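Worksheet: the structure to be examined is printed underneath.
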Amino acid sequence: MCAVRIWSYIQEIAQFTNLCIGPLTKMEKLQGFGFFMTYFVATMIRWNYHLDNGPGQIINTFLDFEESIASTTTLMYYVFFVGVVFILNCIEELESHIRTKSTHNDPRDFIQMYRNIQILDNSFNVVLTERILPAIMICIPAIEIATLFVCFTLHQEIPIPGFLIFPIIAMSAGINNILIITLASKVYSASQRLLSLFEKTHQGRMSKFVRKELLACNVLKIKFGSNFIDNGTPVIMQNFCIDKTLSLILLRGKRF
1 MCAVRIWSYI QEIAQFTNLC IGPLTKMEKL QGFGFFMTYF VATMIRWNYH LDNGPGQIIN
61 TFLDFEESIA STTTLMYYVF FVGVVFILNC IEELESHIRT KSTHNDPRDF IQMYRNIQIL
121 DNSFNVVLTE RILPAIMICI PAIEIATLFV CFTLHQEIPI PGFLIFPIIA MSAGINNILI
181 ITLASKVYSA SQRLLSLFEK THQGRMSKFV RKELLACNVL KIKFGSNFID NGTPVIMQNF
241 CIDKTLSLIL LRGKRF
């Protein structure tokens with residue numbers, strides 16, 4: 001135990017020295033000061049190892065929980081966002097190709113490129129269906145409903161420092177619902193616009209075989225179970241959250 005305490009002191013001294021005379025900018029020193037104070041408080045709480053170390057373990061539990069929550073952002077940012085943006089960029093590039101070379105390109109080349117994007121969209125949906133979309137479509141709206149309910153009904157019962165977290169979470173959940181689902185709905189609207197543009201620019205110059213191949217090209221979409229995300233999904237989602245929040249408020253009002 002003595003060696004552990006000595007090692008903790010050495011770490012604190014090293015951190016403090018780096019903050020004071022280290023090659024850090026003023027902003028980096030201010031950021032590092034928060035971590036330094038966290039470690040310092042944790043070290044002071046665990047001063048006597050013969051006493052109950054519950055307070056220190058509470059800090060460790062919160063840090064482990066925060067790490068597990070933050071690790072899920074990898075799936076959110078580098079799978080969902082990047083995948084959706086990449087598909088949208090492919091659609092935009094293909095649309096630009098049609099607009100600039102509408103009289104020279106072969107319709108079969110467009111159909112082949114569109115089918116490649118369609119294969120990518122199907123593979124992307126397989127990845128999203130298992131974990132990412134259920135979390136986005138179920139968990140985030142549930143968080144918004146719960147936090148809005150607390151904001152409207154329990155604001156007098158929760159002290160103000162602890163209560164402030166609920167409006168912040170509600171606002172973040174609402175923004176996530178609107179922005180993320182709107183981004184996913186762009187895949188459907190952009191691919192629908194692309195197919196309409198191609199059919200309009202090549203009208204009268206397609207053979208029956210090419211026309212049948214074009215009809216076989218389905219509109220790209222981000223699927224959620226048997227449904228998919230379209231332009232009206234963000235509005236429906238927010239309407240659902242507000243409706244359920246009001247239902248909970250009315251239910252609580254009847255009980256009390």
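Quick note: the sequence shown, position 229, residue 229 per full-length UniProt numbering, numbers continuous. For every residue, glycine included, the Cβ atom is placed at its ideal position computed from N, Cα and C. Everything numeric in this text was worked out from a predicted model, so none of it was measured.
Selection Glu67, Ile98, Val82 and Asp64 evaluated against Arg193 yields Ile98 as nearest (Cα-Cα). In the displayed model, Lys221 falls within coil according to three-state DSSP, outside both helix and strand. Comparing alpha-carbon positions, the option among Thr25, Met27, Tyr39 and Ala3 lying closest to Ile13 turns out to be Tyr39.
Classified as exposed, Met27 has fewer than 16 neighbouring CB atoms from the shown chains inside 10 Å of its CB. Listed as beta-bridge partners of Phe228 by DSSP are Lys223.
When the five nearest sequence neighbours on each side are left out, the beta carbons in the same chain lying within less than 8 Å of the beta carbon of Ile87 are those of Ile117, Leu120, Asp121, Phe124, Val187 and Leu220, in order along the chain. In this structure, DSSP gives Ile165 a helical state, which the three-state scheme calls helix. Sequence-distant Cβ neighbours of Phe16 in its own chain, meaning closer than 8 Å and more than five residues away, are Phe36. Taking the C-beta atoms as reference points, Tyr9 is found no nearer than 9 Å to Thr61. By the criterion of a C-beta distance shorter than 7 Å, Glu144 is surrounded in its chain by Ala170, Ala173, Gly174, Asn177 and Cys241, once the five residues flanking it on both sides are discounted. Inter-residue distance for Ile59 and Gln112 is about 56 Å (C-alpha atoms, whole angstroms). Going by C-alpha positions, Val41 is about 26 Å away from Phe166. Check the Cα spacing between Gly253 and each of Ser68, Thr153, Ile132 and Asn231: the tightest is with Thr153. Burial state of Ile21 is exposed, judged by a 10 Å Cβ sphere holding fewer than 16 other Cβ atoms. With respect to Ile181, Pro234 sits close: the two C-beta atoms are nearer than 9 Å. Contact between Phe224 and Met137 is confirmed by a C-beta separation of about 6 Å, below the 8 Å threshold.
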